[in-house]
Amino acid sequence: MLEVRAMKRLPHFTLDVDFAVRDEILVLFGPSGAGKTMTLRLIAGLERPDAGEVVLDGRTLVSRERRVWVPPRERRVGMVFQDLALFPHLDVTRNVLYGARLRGDEARARLERLLDTFRIGHLARRWPAELSGGERQRVALARALMSDPDVLLLDEPFSSLDLETRRAVQDEVVAAHGTWRIPFVFVTHDREEAERLGDRMLFLRAGRQEG
Numbered sequence: 000m001l002e003v004r005a006m007k008r009l010p011h012f013t014l015d016v017d018f019a020v021r022d023e024i025l026v027l028f029g030p031s032g033a034g035k036t037m038t039l040r041l042i043a044g045l046e047r048p049d050a051g052e053v054v055l056d057g058r059t060l061v062s063r064e065r066r067v068w069v070p071p072r073e074r075r076v077g078m079v080f081q082d083l084a085l086f087p088h089l090d091v092t093r094n095v096l097y098g099a100r101l102r103g104d105e106a107r108a109r110l111e112r113l114l115d116t117f118r119i120g121h122l123a124r125r126w127p128a129e130l131s132g133g134e135r136q137r138v139a140l141a142r143a144l145m146s147d148p149d150v151l152l153l154d155e156p157f158s159s160l161d162l163e164t165r166r167a168v169q170d171e172v173v174a175a176h177g178t179w180r181i182p183f184v185f186v187t188h189d190r191e192e193a194e195r196l197g198d199r200m201l202f203l204r205a206g207r208q209e210g
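What follows is the structure, given as structure tokens:
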């Protein structure tokens with residue numbers, strides 16, 4: 000379970016969130032600039048809260064009051080950004096394997112499982128420049144899960160995709176969640192996407208939870 004109780008002072012408002020996520024897809028929904036992405040960055044350790052704490056499966060990742068700070072690379076947090084950040088000099092297989100915690104036969108088995116889940120096995124030797132937007136997104140999702148995370152964070156990853164491709168990848172995310180059964184936290188400002196994906200929605204406006 001992911002537990003977030005955090006406050007962060009920002010230029011135009013103070014972000015103040017308090018929520019928990021079990022093995023479900025939680026959608027952070029709201030207008031642009033509401034604090035959704037900052038919430039993900041606090042969980043991932045890319046930003047530090049001014050107060051509060053983040054706890055994952057009973058392990059405190061950050062607590063200002065207790066002076067606990069776990070570096071991002073040690074948090075077991077997977078993240079898919081808007082820009083995907085695939086390595087252009089690595090083919091699909093090596094992009095997915097990058098940062099894998101598993102080794103040997105276990106790594107190969109997980110790789111094949113992910114390539115199958117996201118239907119990209121036929122692209123294994125392709126380069127990122129040769130992929131469509133939907134294919135790049137699938138590679139990024141597979142790479143994030145290849146790291147064997149305890150939580151997966153997704154920051155508006157489908158905003159640049161056409162509607163048909165977006166819905167197809169959304170369905171694959173739901174299927175992947177059913178397989179991995181870890182907390183997924185998904186950021187969007189698209190209500191249809193939020194309702195399609197989320198087991199639960201948390202609305203943010205100017206850093207505050209509503210509803």
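Residues in the sequence shown are numbered from 0 upward in steps of one, following numbering that gives the first Met the number 0.
Beta carbons are placed, not taken as given, at the ideal position from N, Cα and C, and that holds for glycine.
Quantities reported herein were computed from a predicted structural model and do not represent experimental measurements.
Determine the extent of the alpha helix (DSSP H) in which residue i is found, giving its start and end residues.
i            : result
arginine 142 : 132-145
valine 95    : 91-96
If you follow the beta strand (DSSP E) that residue i is part of, which residue opens it and which one closes it?
i                 : result
glycine 77        : 76-79
methionine 37     : Not the beta strand (DSSP E): methionine 37 falls in the alpha helix (DSSP H), residues 35-43.
alanine 215       : As displayed, the chain neither begins before 0 nor continues past 210, which places residue 215 out of reach and without an answer.
alanine 106       : Taken as a continuous stretch (DSSP letters only), alanine 106 belongs to no beta strand (DSSP E), being part of the alpha helix (DSSP H) at 103-116.
leucine 122       : No beta strand (DSSP E) contains leucine 122, which DSSP labels as neither H nor E.
phenylalanine 157 : Looking at the DSSP string, phenylalanine 157 is not in any beta strand (DSSP E), and its letter there is neither H nor E.
arginine 204      : 199-204
arginine 207      : 207-209
DSSP state of residue i, grouped into three classes?
i             : result
isoleucine 24 : strand
glycine 51    : strand
arginine 211  : Beyond the ends of the chain as shown, which are 0 and 210, falls residue 211; an answer cannot be given.
glutamate 163 : helix
aspartate 82  : coil
alanine 99    : coil
alanine 19    : strand
valine 69     : coil
Assuming residue i and residue j make a contact with CB atoms under 8 Å, what is their CB distance in whole Å?
i            : j            : result
glutamate 23 : proline 182  : 7 Å
arginine 112 : valine 91    : At roughly 15 Å, the Cβ-Cβ gap does not stay under 8 Å, so arginine 112 and valine 91 are not in contact.
leucine 212  : leucine 130  : An answer regarding residue 212 cannot be provided, because it is not within the stretch 0 to 210 covered by the chain.
serine 52    : valine 61    : Note on identity: in this sequence residue 52 is glutamate, with serine being the wrong assignment. Between valine 61 and glutamate 52 the Cβ distance is about 6 Å, and since that is below 8 Å, they are a contact.
glycine 44   : valine 69    : 7 Å
leucine 160  : glycine 132  : 5 Å
valine 184   : leucine 55   : Between leucine 55 and valine 184 the Cβ distance is about 11 Å, and since that is not below 8 Å, they are no contact.
valine 20    : methionine 0 : 7 Å
alanine 128  : proline 87   : 6 Å
arginine 199 : leucine 25   : 5 Å
Is residue i close to the ligand ATP? I mean its beta-carbon at under 7 Å from any heavy atom of the ligand.
i            : result
glutamate 64 : The model depicted lacks the ligand ATP and carries no ligand whatsoever.
Decide yes or no for the touch test of the region 132-145 against the region 99-118: beta carbon pairs closer than 8 Å, at least 3 of them.
With a cut-off of 8 Å on Cβ pairs, the region 132-145 is in contact with the region 99-118, counting three or more such pairs.
Does the region 149-156 come close enough to the region 171-188 to have 3 or more Cβ pairs within less than 8 Å?
Yes: the two stretches touch, three or more of their Cβ pairs being nearer than 8 Å.
What are the start and end residues of each continuous beta strand (DSSP E) run of 3 or more residues lying completely inside the region 172-197, in chain order?
With a minimum length of 3 residues, the continuous beta strand (DSSP E) runs that stay inside the region 172-197 are 183-187.
The region 93-103 contacting the region 164-172, beta-carbon criterion three pairs below 8 Å:
As far as the Cβ criterion goes, the region 93-103 does not touch the region 164-172, which means the pair count is below three.
For the 8 Å Cβ check, are there 3 or more pairs between the region 194-206 and the region 20-38?
Result yes; three or more Cβ-Cβ pairs closer than 8 Å.
With a threshold of 8 Å, are at least 3 pairs of Cβ atoms found where one atom belongs to the region 82-90 and the other to the region 34-53?
In this structure the region 82-90 does not touch the region 34-53; the number of beta carbon pairs closer than 8 Å is below three.
Say whether the region 38-52 touches the region 2-11, bearing in mind that this needs 3 or more beta-carbon pairs closer than 8 Å, one atom from each stretch.
The region 38-52 vs the region 2-11: in contact.
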